[in-house]
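Residue 352 in UniProt numbering sits at position 352 of the sequence shown, and the numbers go up by one each step.
Every residue gets a Cβ at the ideal spot worked out from N, C-alpha and C, and that includes glycine.
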Amino acid sequence: MSYKEVYQSWQDNPEAFWMDAAKAIDWDSAPSKALFDKGDNLYEWFADAKVNTCWNAVDRHVENGRGEQTAIIYDSPITHTKREISYVELRNRVASLAGALRAKGVEKGDRVIIYMPMIPEALEAMLACARLGAIHSVVFGGFAANELAVRIDDCEPKAIIAASCGLEPGRVVHYKPLLDGAIELAEHKPDFCVIFQREQEVAELVEGRDVNWHGFQYGVEPAECVPVEGNHPAYILYTSGTTGQPKGVVRHTAGQLVALNWTMKNIYNVDPGDVFWAASDVGWVVGHSYICYGPLIHGNTTIVFEGKPVGTPDAGTFWRVIEEHKVKSFFTAPTAFRAVKREDPTGEFVKKYDLSCLDQVFLAGERADPDTIVWAQEQLRKPIIDHWWQTELGFPGVCNPVGIELLPVKLGSPSVPLPGYDMKILDDAGNELPAGELGAIVTPLPLPPGTFPTLWKAEERFKSSYLSNFPGYYETGDAGMIDEDGYLYIMARTDDVINVAGHRLSTGAMEEVLAGHPDVAECAVIGVADSLKGQMPMGFLCLNAGCDRAHTDVVKEVVALVREKIGPVAAFKLATVVDRLPKTRSGKILRATMVSIADGKEYKMPATIDDPAILDEIKLALQGLGYAHD
């Protein structure tokens, strides 16, 4: 079937479409129907089914004779470690851990926080919770104590599973003192903590509370899979809220199983047994959906990679992993490719490796600027597929559906809506805009299975944040446009659409122009307050490694480029060169924080920031342009 036929079949009968997709899942008790309307724009999927995620991700592959297939490849250039875990070994390890947790009192519905680096044990902890019907909440390893404490108080875990440390190039990140500090700060106290001791740092255990990962599993009966209701929460994943209070995105069990399994072939174009690699972290939604659950549910081999795109040891790390482990489909963030491109603009490292196993590359997490895609196309000579989704959605909403049909690639667009989504562009009053006009991106309710049904203990906040501005629609918070062929262009967060003397302009469109300059490796554009025009665009440029041109010359050239490509209406005159941009650990540029600094407003240090010191560098750059007054 073509994309149009598949999409039409969903539009004609969503109920039948998702019930058909559900046949690929092992049910303890099959659902009587797909959609359950709870009223008041609240929906659940496969709610009356009984099912277990761990069974579908691990045990059934063993039962079906594929136990010897590799489930997880661990590749850590930081520790110079590689190992493989088969499905049968993974089942035994997870069943043992689940049994030990059960012996300590963890049951269906209990919450467990997981605070771990990129090691296979992080996936084992997630799967052990799923085996028992416990609800896990993975918090990015190394998160600050006060931020971890907020999450402890919100989800009230019975237990916390943590590692003694995480590793960054050249340094050890001490997890245990952060964990101890968080528990001290939190009002809620966990019953116990499980500590996985890494050889790089052995943490001191608190007597009576902390147990050793290996020690507490001895002599314990392995746990069987506990069937749970289809609408039972599989996990809570906190995403940064604009109020500073994190939002606990809830993922229901059955919808996630059906949706993720469907995407592995239809989007990512892999068959069971193929190697799939998402170069992300378990602290992010990509890690949940496409390092842990999606590949394993579908019977793929997944890669747990503890390293960086550059510096562990060089800009060829991605290509080495792909060649060595025969990766068929690779998923990373545009920011990772920009880092590689900056270090290796002519692709010298790419030429050293045999990438014949690789069929396609997917980019998501930050807007993929056309310049980065063109660079990747030229170096890799593979389809480079930009696609769009969010923590709230759990899987792609807009993508070129490679496993169904590779559609023409349009630079700057993540392509077309997938089944479950019918993207519209609305103005502030909720009127649908014609092709080519910039507005708010929404999709009609109900959202498809696998998306979030609510926020943890915050239903009213869920409604006010996502459903109230445009009744009957889910508001994505992104701004963009749709062309005559139905391709979506995501230009900015709604907050990043700036108003220059009455003209609504996309900062993303300006970034596209800046990124096209041959010396620019990476860039960001923000809107700063201006007494005359309301807002003025300001550009930040990171230059390619080895570029020794005068910064003033590059700035003059990009200003001229924006004038040529977008026009004088953009009023683009302010730009500066910086060494690096402030980002979250998943690679998102912290534009809103930069705006607050420029406008002299108070701001909260983002919990997910990769390196807080960068904000001081940005402040200095802004002061050089006459902004960021204290």
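- In this structure, DSSP gives Y268 a state outside helix and strand, which the three-state scheme calls coil.
- V398 is classed as buried because its beta carbon has at least 16 other beta carbons within 10 Å across all chains shown.
- Excluding sequence positions up to five before and after I526, its CB lies within less than 7 angstroms of the CB of T507, M538, R591, M594, V595 and A598, all in the same chain and listed in chain order.
- Here I373 has I384, D386 and L411 as same chain residues with Cβ atoms under 7 angstroms from its own Cβ, once five neighbours each way along the sequence are excluded.
- In the structure shown, the three-state DSSP call for Q217 is helix.
- Ranked by how close their Cα comes to the Cα of E484, the residues V220, V310, P434 and V112 have P434 in first place.
- Counting C-beta atoms within 10 angstroms of its own C-beta, D274 has 16 or more neighbours from the protein chains shown and is therefore classed as buried.
- DSSP lists G439 and I490 as the bridge partner or partners of G480.
- Between H80 and the set L625, G307, E475 and A368, the nearest pair of CA atoms involves G307.
- Between G230 and K158, the C-beta spacing is not below 8 angstroms.
- P444 sits exposed, since fewer than 16 C-beta atoms from the chains shown fall within 10 Å of its C-beta.
- The beta-bridge partner set that DSSP reports for M536 consists of V528.
- Secondary structure within the region 323-350: the beta strand (DSSP E) runs of 3 or more consecutive residues, fully enclosed, are 327-332 (chain order).
- Excluding the 5 residues flanking it on each side, Y3 has same chain C-beta neighbours closer than 8 angstroms at P401, I404, E405, L407 and V416, in chain order.
- Counting only residues of its own chain and dropping the five nearest sequence neighbours on each side, G420 has a CB closer than 6 angstroms to the CB of P448.
- Secondary structure at W375: helix, using DSSP grouped into helix, strand and coil.
- Of all alpha-carbon atoms in E459, S464 and F470, the one lying nearest the alpha-carbon of V442 is that of F470.
- Around H61, the same chain offers Y87 and G299 as residues with beta carbons nearer than 6 angstroms, after the five sequence neighbours per side are excluded.
- Contact annotation: S164 and Q197 have beta-carbon atoms nearer than 8 angstroms.
- Distance from the CA atom of K601 to the CA atom of P334, rounded to whole angstroms, is 30 angstroms.
- Under the three-state reduction of DSSP output, E184 falls in the helix class.
- For Q360, the pairing in a beta bridge is given by DSSP as S329.
- Residues of the same chain with a CB within less than 8 angstroms of the CB of K108, apart from the 5 flanking positions on each side, are L132, G133, A134, V226, V228 and H232 in chain order.
- Fewer than three beta-carbon pairs drawn from the region 282-292 and the region 312-321 are found closer than 8 angstroms, and the two stretches are therefore not classed as touching.
- Between I160 and P190, the C-beta gap is smaller than 8 angstroms, which places the two residues in contact.
- When the beta-carbon positions are compared, T576 and P606 stay at least 8 angstroms from each other.
- Non-local C-beta neighbours of W262 in its own chain, meaning closer than 6 angstroms and more than five positions away in sequence, comprise A21, ordered along the chain.
- Closest by C-alpha distance to E348, out of A203, K328, W375 and M1, is W375.
- Contact check for I297 against N56 passes: the beta carbons are separated by less than 8 angstroms.
- Unbroken beta strand (DSSP E) runs of no fewer than 3 residues, entirely contained in the region 117-182, are found at 135-138, 159-163, 165-168 and 171-174, following chain order.
- Note on geometry: alpha-carbon atoms of A368 and Y489 lie some 11 angstroms from one another.
- Within the same chain, Cβ atoms closer than 6 angstroms to the Cβ of F305 are found at D75 and A279, the five residues on either side in sequence being excluded.
- Look at D12 here: in three-state DSSP terms it is helix.
- Between A128 and M116, the C-beta spacing is not below 8 angstroms.
- Judged by DSSP secondary structure, Y87 falls within the alpha helix (DSSP H) whose first and last residues are Y87 to A103.
- For the 8 angstroms CB-CB criterion, V270 and K326 do not form a contact.
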